[in-house]
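In my numbering, the protein residues as written are 2 to 229. Glycine included, every Cβ here is placed at the ideal spot set by N, Cα and C. Down below is the structure, laid out as structure tokens.
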Amino acid sequence: MLKLQNIDLENPIDISIPVSFGKKQLVAFDGPPAKRHAYKAGSFVGDVRHGGSCNCEVYTFSPHLNGTHTECVGHITKERISVPNVGLIMVTLVTVTPKNGLITGAMLKKLEPIEALVVRTLPNSKAKATRNYSKNEPPYLTADAMHHIVKLGVQHLLVDFPSVDKVDDAKLTAHHIFWQKNAKKKTITELVYVPERVRDGHYLLNLQVAAFEADAAPSRPVLYKVKR
Ligand SMILES: [Zn+2]
Numbered sequence: 002m003l004k005l006q007n008i009d010l011e012n013p014i015d016i017s018i019p020v021s022f023g024k025k026q027l028v029a030f031d032g033p034p035a036k037r038h039a040y041k042a043g044s045f046v047g048d049v050r051h052g053g054s055c056n057c058e059v060y061t062f063s064p065h066l067n068g069t070h071t072e073c074v075g076h077i078t079k080e081r082i083s084v085p086n087v088g089l090i091m092v093t094l095v096t097v098t099p100k101n102g103l104i105t106g107a108m109l110k111k112l113e114p115i116e117a118l119v120v121r122t123l124p125n126s127k128a129k130a131t132r133n134y135s136k137n138e139p140p141y142l143t144a145d146a147m148h149h150i151v152k153l154g155v156q157h158l159l160v161d162f163p164s165v166d167k168v169d170d171a172k173l174t175a176h177h178i179f180w181q182k183n184a185k186k187k188t189i190t191e192l193v194y195v196p197e198r199v200r201d202g203h204y205l206l207n208l209q210v211a212a213f214e215a216d217a218a219p220s221r222p223v224l225y226k227v228k229r
């Protein structure tokens, strides 16, 4: 049983890439960049720099395209299902080196059964946080790798690339394998960034998903070290 005093609550490790609105920002799948503009109504302008009484901006973005996001089975169903609230859970962080972009089951063989898994890929440059993925072929999970992840009992999977599937896999094979059983409780989080200094191992995970009635929402996964 995990005891509160064994968790390093004072040093949260944020593994999110925020949705940002500047020139240099992450874009996946050739999508449009995230944008914002000040809300205007009559004489009101939602920008203090332009005489407004407060800042109030309108944002245009997609959780799937512009930053770390958590998605649920609603991503692949006709039925509209919203991303669930996930409590505090134990997670294993593992680092792999994709071979020709592929992450295979064999690379994950040493893992023990776990409720949640973070897959970090090498190389792990900070450029991941602002990458335009239309110019870079991202890594992905083979069907075999996803079957293995399901077998481990993983309910919440986090990866540092735009999709668990190959970008041009219209069948979304790995997504479908993951959500075959117990689907409504399970989530996939894509486009995390795990800093270099964070070591592979076990952590407590606070997934922190924004309250959206949608198949996906921006998220800020935070890891806490478990002291021995
Ligand atoms: Zn996805």
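Whole angstroms are fine: how far does the CA of residue j sit from the CA of residue i?
i: L278; j: I8; result: Nothing about residue 278 can be reported from this structure: the residues present for the chain run from 2 to 229 only.
i: F62; j: L10; result: 32 Å
i: R200; j: L94; result: 8 Å
i: N137; j: I104; result: 16 Å
i: P34; j: L109; result: 34 Å
i: V87; j: V210; result: 8 Å
i: D48; j: P19; result: 21 Å
i: Y134; j: Y60; result: 22 Å
i: T71; j: P124; result: 23 Å
i: F179; j: A107; result: 17 Å
i: K41; j: R50; result: 14 Å
i: K100; j: L66; result: 25 Å
i: L1; j: P140; result: Lying outside 2 to 229, the shown extent of the chain, residue 1 is not represented and no answer is given.
i: I115; j: Q181; result: 18 Å
i: I82; j: C55; result: 35 Å
i: G43; j: R37; result: 19 Å
i: D161; j: T190; result: 9 Å
Hey, out of the options, whose CA is closest to residue i's CA?
i: D15; options: K228, V227, R229 and V223; result: V223
i: G32; options: I90, P114, V193 and P64; result: P64
i: F30; options: R132, S83, T122 and Y60; result: R132
i: A212; options: P85, D169 and P99; result: P85
i: N183; options: G202, R81, Q26 and V74; result: V74
i: A215; options: T188, V195, V168 and G52; result: T188
i: K226; options: I90, C57 and A128; result: I90
i: P163; options: R121, L5 and P114; result: R121
i: D145; options: H177, S83, A130 and T190; result: H177
For the beta strand (DSSP E) that contains residue i, what are its first and last residues?
i: N207; result: G202 to N207
i: A217; result: A217 to P219
i: A39; result: K36 to A39
Taking 7 Å as the cut-off, is the CB of residue i close to at least one heavy atom of ligand 1?
i: S164; result: yes
i: H51; result: no
i: H176; result: yes
i: E58; result: no
i: I189; result: yes
i: E72; result: yes
i: H76; result: yes
Start and end of the alpha helix (DSSP H) containing residue i?
i: P64; result: P64 to N67
i: A146; result: A144 to K152
i: I178; result: T174 to F179
For my contact list, residue i and residue j are in at a C-beta cut-off of 8 Å; report their separation, rounded to the angstrom.
i: M147; j: V165; result: 7 Å
i: I150; j: L159; result: So it is not a contact: roughly 11 Å between Cβ atoms.
i: A130; j: L27; result: 6 Å
i: S17; j: R221; result: 4 Å
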